[in-house]
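A.B. asks: The structure is given below, and queries will be raised subsequently.
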Amino acid sequence: MTTARTLLWVDLFKNPLRARVQANHHVQHLAQLLPRVTQSLLDCSWMLTVFQRKALAASDHPVSVVPNADATRMGMGTGVENATVLHAPLTRRHSLAMYLPSAVPPEISPHGRDIRVAGVAAVALYSNSCTVNSARRFLFHHPEDTPLTGFDLPHPRDREVAVTAQLWGWIPEDDRQVLLDAGFGPEDLDALLE
Numbered sequence: 425m426t427t428a429r430t431l432l433w434v435d436l437f438k439n440p441l442r443a444r445v446q447a448n449h450h451v452q453h454l455a456q457l458l459p460r461v462t463q464s465l466l467d468c469s470w471m472l473t474v475f476q477r478k479a480l481a482a483s484d485h486p487v488s489v490v491p492n493a494d495a496t497r498m499g500m501g502t503g504v505e506n507a508t509v510l511h512a513p514l515t516r517r518h519s520l521a522m523y524l525p526s527a528v529p530p531e532i533s534p535h536g537r538d539i540r541v542a543g544v545a546a547v548a549l550y551s552n553s554c555t556v557n558s559a560r561r562f563l564f565h566h567p568e569d570t571p572l573t574g575f576d577l578p579h580p581r582d583r584e585v586a587v588t589a590q591l592w593g594w595i596p597e598d599d600r601q602v603l604l605d606a607g608f609g610p611e612d613l614d615a616l617l618e
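Numbering-wise (our numbering), the sequence shown opens with residue 425 and increments by one.
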């Protein structure tokens with residue numbers, strides 16, 4: 425391996441590229457996707473659940489995305505267009521579930537495409553479970569309610585995805601040796617991912 429290539433490899437690991445995304449790019453991307461996402465949501469079957477006694481919590485990431493089993497089997501990710509259900513608490517007494525038309529539970533489908541149903545304890549428990557599992561840093565509920573009783577509440581998460589793979593093993597042996605010769609080892613790679 426040439427000295428120039430060695431230095432390039434070492435420099436990439438010691439000073440990794442950092443991409444900075446400007447808010448304008450994000451907003452432009454959202455604007456481009458808005459018509460398609462809107463149509464996808466309008467194509468869903470909507471179910472508004474109204475609770476009389478049970479209460480719902482909310483979080484800093486209120487929408488729960490239920491993966492589509494077929495898409496998961498094919499190795500696809502889950503998003504607005506292929507999620508089995510998008511679920512969100514709207515108030516302490518209302519939740520909204522938006523189902524893919526093919527995923528509407530059989531006990532609900534005879535009632536029409538968009539329906540309003542009375543909430544039961546099992547649905548409140550499910551909604552609050554989704555809320556707890558979707559939260560990143562904050563959970564909220566009305567001071568007169570106790571919707572989170574019985575849940576093991578998670579610690580705040582600063583990162584969406586944790587990398588637990590041993591990435592050093594994925595680097596070809598010759599390239600690992602170049603890094604080792606330059607004083608860059610597996611622990612240095614792990615530190616970059618923290």
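Think of the CB as a built atom: it goes at the ideal place given N, C-alpha and C, for glycine as much as any other residue. Being a predicted model, the structure only gives us computed values, none of them experimental.
1. Find out if the Cβ-Cβ distance for the pair A482, F608 is shorter than 8 Å.
2. What did DSSP end up calling P596 once you bin it into helix, strand or coil?
3. Please report the straight-line C-alpha distance between Q463 and A507, rounded to a whole angstrom.
4. Distance check for P529 and P491, CA to CA, integer angstroms please.
5. As a quick exercise: from I539, M500, H449, P459, pick the residue whose alpha carbon is nearest that of V474.
6. If I follow the unbroken alpha helix (DSSP H) through A455, where does it start and stop?
7. Would you report the Cα separation of R581 and N557, rounded to the nearest angstrom?
8. Hey, P567 and A479: beta-carbon distance below 8 Å or not?
9. Which residues in the same chain as L472 place their Cβ atom closer than 7 Å to its Cβ, once the five residues preceding and following it in sequence are excluded?
10. For P610 versus W594, is the C-beta distance shorter than 8 Å?
11. Note down the Cα distance separating F562 from E505, rounded to an integer number of angstroms.
12. Would you mind working out which of Q590, T496, D598, A559 sits nearest H579, comparing C-alpha positions?
13. Quick check on the burial criterion: 16 or more other C-beta atoms within 10 angstroms. Buried or exposed for A512?
14. Whose C-alpha, out of P459, D467, H450, is nearest the C-alpha of A527?
15. Within 10 angstroms of the Cβ of A455, are there 16 or more other Cβ atoms? Answer buried if so, exposed if not.
C.D. replies: Answer, in terms of the structure:
1. Locating residue 482 in the sequence shown gives position 58, where the first residue counts as 1. Locating residue 608 in the sequence shown gives position 184, where the first residue counts as 1. Taking 8 Å as the Cβ cut-off, A482 and F608 do not qualify as a contacting pair.
2. Along the sequence shown, read from residue 1 onward, the residue named residue 596 stands at position 172. DSSP places P596 in coil when its eight states are reduced to three.
3. As a first step, residue 463 is located in the sequence shown; it is residue number 39 there, counting from the start. As a first step, residue 507 is located in the sequence shown; it is residue number 83 there, counting from the start. Computed Cα separation, rounded: 14 Å.
4. One-based indexing of the sequence shown puts residue 491 at position 67. One-based indexing of the sequence shown puts residue 529 at position 105. Roughly 15 Å between the two C-alpha positions.
5. Along the sequence shown, read from residue 1 onward, the residue named residue 474 stands at position 50. Nearest C-alpha to V474: I539.
6. Within the sequence shown, the letter at position 31 stands for residue 455. Run containing A455: 447 to 467, per the alpha helix (DSSP H) assignment.
7. In the sequence shown, residue 581 corresponds to position 157, counting from 1. In the sequence shown, residue 557 corresponds to position 133, counting from 1. Each residue's Cα considered, the two are about 11 Å apart.
8. For this step, residue 567 is matched to residue 143 along the sequence shown. For this step, residue 479 is matched to residue 55 along the sequence shown. Contact flag unset, no.
9. The residue you call residue 472 lines up with position 48 of the sequence shown. Result list for L472: H518, L520, R540, in chain order.
10. Working through the sequence shown from its first residue, we reach residue 610 at position 186. Working through the sequence shown from its first residue, we reach residue 594 at position 170. Cβ distance not < 8 Å, so P610 and W594 don't count as in contact.
11. Stepping through the sequence shown from its first residue, residue 562 is reached at position 138. Stepping through the sequence shown from its first residue, residue 505 is reached at position 81. About 27 Å.
12. Reading the sequence shown from its first residue, position 155 is the one you call residue 579. It is A559.
13. Against the sequence shown, residue 512 aligns to sequence position 88. Flag for A512 reads buried.
14. Taking the sequence shown and counting its residues from 1, one reaches residue 527 at position 103. Taking only the C-alpha atoms, the option nearest A527 is D467.
15. Indexing the sequence shown from 1 puts residue 455 at position 31. Exposed is the call here.
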